[in-house]
Amino acid sequence: QENAKLTSTEYGTLMHSVMEHIDHKNANDLGSVKEEIKRLLTRDIIKKEDEKRINLNNVLSFFHSDIGERLKQAKSVYKELPFSRFINAERIYKEAQNEKIITQGIIDLLFIDESDKLVLVDYKTDNTSSVKTIKERYSIQISLYREAAEEILKRKVNESYIYLLSVGKIISV
């Protein structure tokens with residue numbers, strides 16, 4: 003991989019694009035993931051120079067995980083689901099009393115599995131595998147995403163996860 007040539011933001015954008023557009027039902031082995039990447043190239047979703055920057059093993063690792071296998075059997079799948087909503091400002095800014103702010107985000111992956119559970123997954127490209135660090139860094143964001151998903155789909159989110167694309171690790175949040 004030549005990730006050094008990309009900023010962390012560019013690498014994050016690339017990997018999110020791959021995970022959004024890859025056909026999860028076809029991501030069964032390294033060969034099929036490579037074929038999916040070629041399909042993304044022909045559709046101009048990713049650039050030729052970015053092909054070698056994608057960590058195929060970590061992409062495959064997600065689809066081989068319990069979450070990835072459940073995704074393949076899902077009843078409904080929502081990718082890159084945008085939202086905007088008002089929240090109490092003190093949730094983010096402790097000093098802001100009785101004020102509202104608008105939050106916007108994009109939920110990377112939301113699916114209803116075979117047992118009717120609503121599962122939320124957020125992809126991250128952080129270079130740490132520390133569960134404690136990741137949970138501290140993203141717990142508020144995941145909480146806001148869960149609330150938004152519940153508001154959009156009018157049902158409870160049963161499980162939420164962060165998938166670390168740079169190290170191939172799933173963290174329950």
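Here this note's numbering is used: the first residue of the sequence shown is 3, the next is one more, and so on.
Every residue gets a Cβ at the ideal spot worked out from N, C-alpha and C, and that includes glycine.
All of these numbers come straight from a predicted model, not from anything done at the bench.
- The distance from the Cβ of I154 to that of F85 is about 6 angstroms, consistent with a contact at the 8 angstroms cut-off.
- In terms of CA proximity to Y147, L83 leads the group E51, L83, A91.
- For G14, the uninterrupted alpha helix (DSSP H) run begins and ends at 10-23, by DSSP.
- Just so you know, the alpha carbons of N90 and K171 end up roughly 32 angstroms apart.
- In the three-state reduction of the DSSP assignment, K134 falls in the helix class, which pools H, G and I.
- Contact between I114 and K77 holds: CB atoms are separated by about 5 angstroms, below the 8 angstroms threshold.
- Non-local C-beta neighbours of I47 in its own chain, meaning closer than 7 angstroms and more than five positions away in sequence, comprise S19, H23, ordered along the chain.
- Taken in chain order, the complete alpha helix (DSSP H) segments of 4 residues or longer contained in the stretch 60-84 are 68-74.
- For E161, the pairing in a beta bridge is given by DSSP as V121.
- Of the residues S131, K40, I108, T135, the one whose Cα lies closest to the Cα of V123 is I108.
- In the three-state reduction of the DSSP assignment, N100 falls in the coil class, being assigned neither a helical nor a strand state.
- Boundaries of the beta strand (DSSP E) around K171: 171-174.
- Counted as a single uninterrupted DSSP element, the alpha helix (DSSP H) harbouring D52 occupies residues 50-53.
- Look at K36 here: in three-state DSSP terms it is helix.
- For the set S168, N57, R93, the Cα lying nearest the Cα of I142 is the one of R93.
- Secondary structure at K156: coil, using DSSP grouped into helix, strand and coil.
- Out of S145, I104, S117, L167, the CA that lies nearest to the CA of T127 is found in L167.
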